[in-house]
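Asks:
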Amino acid sequence: MNDQAHSLRRLANRGDRKSARVIAVTSGKGGVGKTNLSVNLSLGLIQAGNSVVLLDADLGMANVDILLGLTPKFTLTDVLQSEKDVGEIIVEGPLGLKVVAGGSGVYDVANLTEWDLERFVRSVEQLDLNSDFIIIDTGAGLGRNVLSFVLAADETIVVTTPEPTAITDAYGMIKVILQRNPDSAIRVIVNMVNSPRQAQQVVEKLNAVLRQFVNREVAYGGFIPYDGHVGRAVSEQRAFITAFPSSSASRSIEHVAEKIAGKTSGQDGLGRGLKGFFSRVYNLIH
Ligand SMILES: Nc1ncnc2c1ncn2[C@@H]1O[C@H](COP(=O)(O)OP(=O)(O)OP(=O)(O)O)[C@@H](O)[C@H]1O
Ligand SMILES: [Mg+2]
């Protein structure tokens, strides 16, 4: 390992009292509910007593800010283009949620330089120390950006609906993640279901195929019912969990959040933080 890489690694691991758990939310097919899940899960985790940063890493069509009715001045693209530090661009969402908005251009993480990475790692130190969870909303599909974010995270949530096309694409996504890292901690959340049973069947179906072709399984992460309150909240640019707290979608999200908050991750039961995350994104693409 060269000297510079070594010093970066030291920087990334320095004085790790506590690092946030970094959870990437992704999907094979688009439009299955990743952004709504990321936003409401983040708020659910806050309600369960955690401090949370939500990072919109859908670098093509970011819309966490739209869902929350926020108007950020700067976005993650400004950080990636070396103009701002991550800490400078955070906007405050509901319940004290810290939001790092995504950009709206087309950005390739392959443009990250070692200098960018060092700047990143330094600028996110405070976020790591002060957060329990970093939730990362990614785009759909197997692009290089999405895959590096997923592989660099501590845990991954793959969102699907019960539609055969969404399940097939979820399978394709999971297969590639597991081929790149067989130890990936993946849980599948099934959105827009009619019943909890339907969600379990989707995950059973996925696991049957995964066992056969990659000799692995994913964890069942829970379900969110199809609920008209979600669309209403989207139109009002509010999170459904705060706009309609007693809706069935909100109660399911609370359940999912409690389940996630109750589990630890990583080799030693700790997250590896945003610093570690950015270092791994860099290593994955170079
Ligand atoms: N549980 C649900 N019940 C009803 N409608 C839902 C539910 N979840 C999501 N939706 C609707 O589905 C649409 C897509 O949701 P969302 O934007 O979260 O998906 P996405 O996976 O982030 O999409 P993209 O791939 O474009 O980023 C939204 O208009 C939302 O209203
Ligand atoms: Mg989205």
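So for the sequence shown, this note's numbering puts the first residue at 862; every next one is plus one.
C-beta: ideal position from N, C-alpha, C; glycine also.
Quick caveat: nothing in here was measured; it's all calculated off a predicted structure.
#1: What number of angstroms, rounded off, separates the C-alpha of Phe1138 from the C-alpha of Phe1105?
#2: Measuring alpha carbon to alpha carbon, tell me which of Val1054, Val1091, Ile1050 and Phe1101 ends up nearest Ile1121.
#3: Which of helix, strand or coil does DSSP assign to Ala1080?
#4: Under a three-way DSSP split, which group does Lys879 fall into?
#5: For His1015, count neighbouring C-beta atoms within 10 Å of its own C-beta (all shown protein chains included) and say buried if the count is 16 or more, exposed if not.
#6: Going by DSSP, what residue range makes up the alpha helix (DSSP H) through Val1070?
#7: If I follow the unbroken alpha helix (DSSP H) through Ala1104, where does it start and stop?
#8: Below 8 Å on the Cβ atoms is my guess for Asp919 versus Asp998; work out the distance and round it to an integer in Å.
#9: Please report the residue range of the alpha helix (DSSP H) in which Ala1001 lies.
#10: Are the CB atoms of Ala881 and Asn1134 within a distance shorter than 8 Å?
#11: On the three-state DSSP scale, how would you describe Asn897?
#12: Three or more beta-carbon pairs under 8 Å between the segment 973-980 and the segment 957-965, yes or no?
#13: Buried or exposed for Asn897, going by 16 or more other Cβ atoms inside 10 Å?
#14: Less than 8 Å separating the beta-carbons of Ala1031 and Val1019?
#15: In chain order, what residues of the same chain have a beta carbon less than 7 Å from the beta carbon of Val1091, not counting five sequence neighbours either side?
#16: Comparing the CB of Asn911 with every heavy atom of ligand 2, is any distance shorter than 7 Å?
#17: Is there a Cβ from chain B that is less than 8 Å from the Cβ of Leu1067?
#18: Kindly give me the distance between the Cβ atoms of Leu1145 and Leu1012, rounded to whole angstroms, as I take these residues to be in contact under 8 Å.
#19: Can we count Pro1106 as close to ligand 1, meaning its CB is less than 7 Å from some heavy atom?
#20: Going by the C-beta, is Met922 closer than 7 Å to any heavy atom of ligand 1?
#21: Just reading off the alpha helix (DSSP H) that Val1007 is part of, what are its end residues?
#22: Restricting to Cα atoms, I'd like to know which of Arg1048, Ile996, Glu1078 and Asn1055 is closest to Ile884.
#23: Do Val1079 and Leu1071 have their C-beta atoms within less than 8 Å of each other?
#24: For Leu904, which residues from the same chain have a beta carbon less than 7 Å from its beta carbon, with the 5 sequence-adjacent residues on both sides left out?
#25: Specify the secondary structure class of Leu1135 as computed by DSSP and reduced to three states.
#26: If we count the other Cβ atoms within 10 Å of its Cβ and call it buried at 16 or more, is Ala923 buried or exposed?
#27: So Val952 and Val985 are supposed to be a Cβ contact under 8 Å. How far apart are they, rounded?
Replies: Reading from the atomic positions:
#1: Residue numbering aside, residue 1138 sits at position 277 when the sequence shown is read from its first letter. Residue numbering aside, residue 1105 sits at position 244 when the sequence shown is read from its first letter. Distance between the alpha carbons of Phe1138 and Phe1105 is about 33 Å.
#2: Start at 1 with the first residue of the sequence shown, and residue 1121 comes out as number 260. For the residues Val1054, Val1091, Ile1050 and Phe1101, the minimum Cα distance to Ile1121 belongs to Ile1050.
#3: On the sequence shown, residue 1080 is found 219 positions in, with the first residue counted as 1. Reduced to three states, the DSSP call for Ala1080 is strand.
#4: Here residue 879 corresponds to residue number 18 of the sequence shown, with the count starting at 1. Here Lys879 sits in coil by DSSP.
#5: As a working note, residue 1015 is residue 154 in the sequence shown. The amino acid at residue 1015 is misidentified as His; the sequence shows Asp. Under this definition Asp1015 is a buried residue.
#6: Numbered from its first residue, the sequence shown carries residue 1070 at position 209. Residues Pro1057 to Val1075.
#7: The sequence position of residue 1104 within the sequence shown is 243, counting from 1. Going by DSSP, Ala1104 is part of the alpha helix (DSSP H) stretching over Phe1101 to Ala1104.
#8: As a working note, residue 919 is residue 58 in the sequence shown. As a working note, residue 998 is residue 137 in the sequence shown. That pair is a contact at about 6 Å.
#9: Residue 1001 sits at position 140 when you count from the first residue of the sequence shown. Residue range Phe994 to Ala1001 is occupied by the beta strand (DSSP E) that includes Ala1001, with no alpha helix (DSSP H) assigned at that position.
#10: Along the sequence shown, one-based indexing puts residue 1134 at 273. Along the sequence shown, one-based indexing puts residue 881 at 20. According to the sequence shown, residue 1134 is Gly rather than Asn. In contact: Gly1134 and Ala881 (Cβ atoms closer than 8 Å).
#11: By one-based count along the sequence shown, residue 897 stands at place 36. Residue state, collapsed to three classes: helix.
#12: Output reads no: the segment 957-965 does not touch the segment 973-980.
#13: Along the sequence shown, one-based indexing puts residue 897 at 36. Around the beta carbon of Asn897, a 10 Å sphere encloses 16 or more other beta carbons of the protein chains shown; the residue is thus reported as buried.
#14: Indexing the sequence shown from 1 puts residue 1031 at position 170. Indexing the sequence shown from 1 puts residue 1019 at position 158. Yes, the Cβ-Cβ distance between Ala1031 and Val1019 is below 8 Å.
#15: For the purposes of this step, residue 1091 is identified with residue 230 of the sequence shown, where counting begins at 1. Taken in chain order, the residues that qualify are Asn897, Phe1101 and Ala1110.
#16: Taking the sequence shown and counting its residues from 1, the one referred to as residue 911 is at position 50. False, no ligand heavy atom lies under 7 Å from that Cβ.
#17: The chain inventory of the structure shown lacks chain B, comprising one protein chain alone.
#18: The residue labelled residue 1145 in the question sits at position 284 within the sequence shown. The residue labelled residue 1012 in the question sits at position 151 within the sequence shown. At roughly 6 Å, the Cβ-Cβ gap stays under 8 Å, so Leu1145 and Leu1012 are in contact.
#19: In the sequence shown, counting from the first residue as 1, residue 1106 sits at position 245. For Pro1106, the shortest C-beta to heavy atom distance toward ligand 1 is 7 Å or greater.
#20: Here residue 922 corresponds to residue number 61 of the sequence shown, with the count starting at 1. The nearest non-hydrogen atom of ligand 1 is less than 7 Å from the C-beta of Met922.
#21: Against the sequence shown, residue 1007 aligns to sequence position 146. Looking at the DSSP string, the run of the alpha helix (DSSP H) that includes Val1007 is Arg1005 to Ala1013.
#22: Here residue 884 corresponds to residue number 23 of the sequence shown, with the count starting at 1. Closest option to Ile884, Cα to Cα, is Ile996.
#23: On the sequence shown, position 218 is the one that residue 1079 refers to. On the sequence shown, position 210 is the one that residue 1071 refers to. Contact flag set, yes.
#24: Within the sequence shown, the letter at position 43 stands for residue 904. These residues qualify, in order along the chain: Pro955, Leu956, Leu958, Ala1100, Ile1102 and Thr1103.
#25: For this step, residue 1135 is matched to residue 274 along the sequence shown. Reduced to three states, the DSSP call for Leu1135 is helix.
#26: What you label residue 923 is simply residue 62 of the sequence shown in a count that begins at 1. Its Cβ being crowded by 16 or more others within 10 Å, Ala923 is buried.
#27: Locating residue 952 in the sequence shown gives position 91, counting from the first residue. Locating residue 985 in the sequence shown gives position 124, counting from the first residue. A Cβ-Cβ separation of about 16 Å leaves Val952 out of contact with Val985 under the 8 Å criterion.
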